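Everything in the sequence shown is counted per our numbering, starting at 1 for the first residue and increasing by one.
What follows is one structure encoded as C-alpha cells, with my remarks underneath.
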Amino acid sequence: MPNFEAGSFVTHAKLPELGSGEILSHDKGTVRIRFASGERAFTLEKAEPHLAVTQEAPAPPEKKRATKKKAAAPKAPKASAAKA
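Written as C-alpha cells, this is what we have:
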C-alpha cells in the first residue's frame, strides 16, 4: 500500500490525460487530488490500485481571466401616449 500523504505527487494509470497531481487530503475513504485541470475526489479503495507515486509535480492551475461585464443597453424612449 503506497503512502498517500498530503503534498505527495501521484499519477492515475487509468486516466493518464490528467497528468500528475498533488494529494490535498485523504480521509473517510476519499482522496482529493489537484490536477492541472482541477480538483478531483476519488474513493481511495477504488483509486488506490491505479495511483502511483511520482516525483513530477503537477502543472500550476490555469488562471481564469476576468471577464468584462457588458454595458447595459441603452433604454429605448417610452412611446408617447396616443392622441385622442
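Ideal Cβ positions, reconstructed from N, Cα and C, are used throughout, including at glycine.
Here the structure is a predicted model, which is why all the values come from computation and not from measurement.
1. Can you tell me whether DSSP reads E22 as helix, strand or coil?
2. On the criterion of 16 or more Cβ atoms from any shown chain inside 10 Å, does T30 qualify as buried, or is it exposed?
3. With a 10 Å radius around its C-beta and 16 neighbouring C-beta atoms as the bar for buried, classify H12 as buried or exposed.
4. Taking just the CA atoms, how far does K75 sit from P60?
5. Between which two residues does the alpha helix (DSSP H) containing E45 stretch?
This is what the structure holds:
1. DSSP places E22 in strand when its eight states are reduced to three.
2. With a threshold of 16 other beta carbon atoms within 10 Å, T30 falls short and is exposed.
3. H12 is classed as buried because its beta carbon has at least 16 other beta carbons within 10 Å across all chains shown.
4. So the alpha carbons of these two residues sit roughly 44 Å apart.
5. Taken as a continuous stretch (DSSP letters only), the alpha helix (DSSP H) holding E45 covers L44 to A47.
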